[in-house]
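The next block holds one structure in the form of structure tokens; read it before the comments.
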Amino acid sequence: MKSNTLKSKSFLTTRSLVTVSLLLSISIVLARVLGLIIPIAGLPALKINFSSVPLIMVGIFYGPTAGFMAGAISDVVGYMINPMGGAYFPGFTLSTALTGMIPGLIYKLLKSNKNLIKQNFNYYNAVFILFITGGLLYSFYVKEVLTFDNGLFYNGRSIGLTYIILFMSSVIIYAALPFYFSKATQFENSVYSFDKIYFTVSTTQLITSLILNTYFLSIMFGRGFLVFLPTRIITNYFMIPMFTLLLVALIKVLRLER
415 MKSNTLKSKS FLTTRSLVTV SLLLSISIVL ARVLGLIIPI AGLPALKINF
465 SSVPLIMVGI FYGPTAGFMA GAISDVVGYM INPMGGAYFP GFTLSTALTG
515 MIPGLIYKLL KSNKNLIKQN FNYYNAVFIL FITGGLLYSF YVKEVLTFDN
565 GLFYNGRSIG LTYIILFMSS VIIYAALPFY FSKATQFENS VYSFDKIYFT
615 VSTTQLITSL ILNTYFLSIM FGRGFLVFLP TRIITNYFMI PMFTLLLVAL
665 IKVLRLER
């Protein structure tokens, strides 16, 4: 009996290592082969890819330590395979490692507290959306792209009331979308429900993409933090929902919620 138990634990450990290695490899391919680089202020400062998705999955299902290691290894090995024309910067390795670690920490907390699972995290998600929208407007204001002088101006052009209403309506609709998708995905009151995944992705992207990577880019290229921030916020407006929908779909298709 004891022998069978040991064999079972060994099998599960081996299977986990194989799965983590596979997700790590997929992350490298998505980042270094299928990724896009979009210049900001003439600098290669914005990478668009889906490499974070496999790393987030590692963190969610195998814990923060596995997520951290997978992220760090994927960045270092990925750079060795294809530097993509840039110099190695250890700060980005830290960010990639945290991309796997942060979801692991969040889900470790969620799985250990049943009361948290019952909470609707979409209210936190709505606050997050309003927060980054405020950050976007503030960065435009500081850069004097958005100005107030007997009216509201964008790049010196007056913004009419219609455009202001459209913008505010778009933000409200965007903030309400997580509530809709939570019902549509049928994972209500599950640790892998849409609102929990969205919260996890948002928190991860806020810390790694919007704060750390933007700061590291300002150091690397000798430009101000706010030079890179607006474009990165706008990009995350699209990437966060896409990451979330992809993760929820993968969990459902692979039946990992069980």
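Per our numbering, the sequence shown starts with residue 415, numbered consecutively.
Backbone N, C-alpha and C fix where the C-beta goes; we use that ideal spot for every residue, glycine too.
Proximity winner among the options, relative to residue i (alpha-carbon distances)
i      : options                        : result
LEU661 : LEU508, SER553, PHE464         : PHE464
LEU437 : GLY477, PRO453, MET471         : MET471
LEU624 : THR427, LEU640, MET483         : LEU640
TYR612 : ALA598, ILE648, ALA486, MET656 : MET656
VAL585 : PRO453, LEU566, GLY636, LEU550 : LEU550
LYS610 : ILE654, SER583, LEU643         : ILE654
SER488 : ILE440, LEU523, LYS522         : ILE440
PHE652 : SER616, ILE633, LEU668         : SER616
ILE665 : SER466, ILE474, ARG446         : ILE474
SER553 : THR645, ALA445, ARG446         : THR645
LEU620 : ILE543, LYS525, GLN533         : ILE543
7 Å Cβ shell around residue i - same chain, five flanking residues per side excluded
i      : result
VAL491 : ILE442
THR622 : SER509, LEU512, THR513
SER466 : THR513, PHE657
Helix, strand or coil at residue i according to DSSP, with G and I counted as helix
i      : result
SER465 : coil
ARG637 : coil
PHE593 : helix
PHE535 : coil
ARG672 : Any reading at ARG672 is ruled out, since the residue's pLDDT is 44, under 50, leaving its predicted position unreliable.
SER417 : Confidence is the limiting factor: at SER417 the pLDDT is only 45, short of 50, which leaves the residue's position unreliable, though a coordinate-based value still follows. If DSSP states are grouped into helix, strand and coil, SER417 belongs with the helices.
SER365 : Coverage of the chain is limited to positions 415 through 672, which leaves residue 365 absent and any answer about it impossible.
Cβ-based burial, residue i [other Cβ within 10 Å; buried from 16]
i      : result
MET494 : exposed
TYR476 : buried
PRO468 : buried
GLY518 : buried
ALA501 : exposed
TYR577 : exposed
TYR555 : exposed
MET582 : exposed
PHE482 : buried
GLY485 : buried
ASN536 : buried
ASN539 : buried
ASN650 : buried
Beta-carbon contacts of residue i that lie in its chain and below 6 Å, excluding the five residues immediately before and after
i      : result
PHE595 : PHE608
ALA480 : VAL434, VAL472
LEU457 : PHE635
LEU626 : SER509
Proximal residues to residue i (C-beta, below 8 Å), its chain only, five neighbours per side dropped
i      : result
PHE630 : PHE503, GLY505, PHE506, SER509
ARG497 : For the record, residue 497 in the displayed sequence is Pro; it is not Arg. Nothing listed; no residue qualifies.
*Unbroken beta strand (DSSP E) runs of length 3 or more, entirely within the stretch 435–510: which are they?*
Within the stretch 435–510, the runs of beta strand (DSSP E) at least 3 residues long that lie entirely inside it are, in chain order, 450–454, 457–462.
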